[in-house]
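Before any comments, here is the structure.
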Amino acid sequence: MTTAVFFIVIGAALLHATWNALVKGGADVRVSMGAVILGNVPLALVIMPFVPLPAPESIPFLVAGLVLHMGYQLFLLQSYRLGDLTQVYPIARGSAPLIVALFSVIVLGVYLTPVELMAIVVIGAGILSLSLVRRADGLRNGHAALLALVTGGFIASYSLVDGMGARHAGTSLGYYCWLAIGNGVVMTLYLMFTSPTALRDIAGKGRKTFVIGGSAAFIAYALVTWAFTQAPIALVTALRETSIVFALLIGVFFLKERLDLGKVFSTMTTLLGVVLLRFYKY
Numbered sequence: 319m320t321t322a323v324f325f326i327v328i329g330a331a332l333l334h335a336t337w338n339a340l341v342k343g344g345a346d347v348r349v350s351m352g353a354v355i356l357g358n359v360p361l362a363l364v365i366m367p368f369v370p371l372p373a374p375e376s377i378p379f380l381v382a383g384l385v386l387h388m389g390y391q392l393f394l395l396q397s398y399r400l401g402d403l404t405q406v407y408p409i410a411r412g413s414a415p416l417i418v419a420l421f422s423v424i425v426l427g428v429y430l431t432p433v434e435l436m437a438i439v440v441i442g443a444g445i446l447s448l449s450l451v452r453r454a455d456g457l458r459n460g461h462a463a464l465l466a467l468v469t470g471g472f473i474a475s476y477s478l479v480d481g482m483g484a485r486h487a488g489t490s491l492g493y494y495c496w497l498a499i500g501n502g503v504v505m506t507l508y509l510m511f512t513s514p515t516a517l518r519d520i521a522g523k524g525r526k527t528f529v530i531g532g533s534a535a536f537i538a539y540a541l542v543t544w545a546f547t548q549a550p551i552a553l554v555t556a557l558r559e560t561s562i563v564f565a566l567l568i569g570v571f572f573l574k575e576r577l578d579l580g581k582v583f584s585t586m587t588t589l590l591g592v593v594l595l596r597f598y599k600y
């Protein structure tokens with residue numbers, strides 16, 4: 319991975335943590351999530367005429383990506399309803415490289431070195447300890463932790479699918495523009511059937527999240543999708559999880575979530591495992 323790609327992914331991680339904080343900090347997380355997803359569409363429509371069409375070979379990846387992104391958004395939404403940003407976000411993001419590694423060993427028969435196995439154990443310890451972190455009201459919140467872990471599974475899946483899709487497409491930005499528009503259509507249909515007033519609320523009180531969160535989300539994942547074509551997908555996925563640190567800082571200093579040694583230790587432990595996996599696996 320070149321220095322340029324490294325810092326671009328770090329920047330994408332900061333943007334990703336930012337839009338997640340906007341979703342969690344909104345009065346209605348469904349409206350906030352919808353605003354972010356729909357806020358991707360304007361940038362995609364502006365950019366689309368200036369980028370090549372994705373190759374036909376990438377269409378199956380686009381379809382699979384739409385399904386996986388929607389699953390990710392729904393589970394993340396439910397997780398944020400039940401848990402704090404500083405609990406949900408580290409589990410969801412920190413578990414993704416762990417799931418990729420486990421899938422590689424169990425399904426693909428990939429050999430892992432002792433250091434790589436250590437990284438898996440460290441990430442697992444961080445995730446397990448985060449499931450015991452107390453909520454803002456002082457109660458345990460294992461349900462939110464479980465939903466966040468499922469969310470991590472979707473993150474791992476769509477990262478692999480989108481990475482391969484962008485490579486087959488021959489244009490990472492063109493691929494993501496179509497993915498963003500498709501995702502916006504699916505989210506609109508979902509809100510129409512589950513919460514018709516949400517679309518009206520997005521146009522009103524959700525405008526700030528639509529503009530800021532949607533733009534941040536589009537730029538963040540457009541950069542990551544491009545990085546998938548420049549470096550190994552799992553390496554980019556692991557490096558992107560430095561967003562865990564940004565989410566912790568945003569949750570504490572801007573959302574005024576309770577900071578305790580448990581959250582700090584759990585988040586740092588998970589991040590340490592991600593760093594080990596990033597530097598020693600490839």
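Using our numbering, you'd call the opening residue of the sequence shown number 319 and step up by one each time. Where is the CB? At the ideal position from N, CA and C, for every residue including glycine. Given the structure is predicted, the values throughout are model-derived calculations rather than measurements.
A straight-line Cα-Cα distance of about 15 Å links residue 435 and residue 414. CA-to-CA, the gap between residue 409 and residue 437 works out to about 15 Å. Check the Cα spacing between residue 346 and each of 378, 490 and 515: the tightest is with 515. The region 365-403 is shown to contain whole alpha helix (DSSP H) runs of 4 or more residues at 377-400, in chain order. Within its own chain, the residues whose Cβ lies closer than 8 Å to the Cβ of residue 491, once the five positions on either side in sequence are excluded, are 365, 369, 540, 543 and 544, listed in chain order. The Cβ-Cβ distance between residue 561 and residue 331 falls below 7 Å.
Under the three-state reduction of DSSP, residue 581 is assigned to helix. Under the three-state reduction of DSSP output, residue 514 falls in the helix class.
Look at residue 429 here: in three-state DSSP terms it is coil, with no helix or strand label. In summary, residue 375 is exposed, with fewer than 16 beta-carbon neighbours lying within 10 Å of its beta-carbon over all protein chains present.
Around the beta carbon of residue 387, 16 or more other beta carbons sit within 10 angstroms, so the residue counts as buried. Sorting 498, 463 and 321 by C-alpha distance to the C-alpha of residue 362 places 498 at the top. Residue 553: member of the alpha helix (DSSP H) spanning 551-558, first to last residue.
In the three-state reduction of the DSSP assignment, residue 478 falls in the helix class, which pools H, G and I.
Nearest to residue 566 by alpha-carbon distance, out of 583, 555, 553 and 554, is 583.
The beta carbon of residue 483 sits closer than 7 Å to the beta carbons of 376, 379, 380, 383 and 493 from its chain, once the five residues preceding and following it are set aside; these are given in chain order. The straight-line gap separating the alpha-carbon atoms of residue 587 and residue 576 is approximately 18 Å. In the assembly as shown, residue 510 is an exposed residue. Its beta-carbon has fewer than 16 other beta-carbons within 10 Å. Comparing alpha-carbon positions, the option among 360, 321, 325 and 320 lying closest to residue 531 turns out to be 360.
Ranked by how close their Cα comes to the Cα of residue 590, the residues 393, 416 and 323 have 416 in first place. By the CB criterion at 7 Å, residue 538 and residue 592 fall outside the cutoff. In this structure residue 320 is exposed. Its beta-carbon is surrounded by fewer than 16 other beta-carbon atoms within 10 angstroms.
The alpha-carbon separation between residue 471 and residue 367 amounts to approximately 33 Å.
In terms of Cα proximity to residue 558, the closest of 506, 476 and 412 is 412.
In this structure, the beta-carbon distance from residue 552 to residue 372 does not fall below 7 Å. Under the DSSP assignment, residue 573 falls outside any alpha helix (DSSP H); it carries neither an H nor an E label.
From the listed residues 505, 508, 485 and 340, the smallest Cα separation to residue 407 is found for 340.
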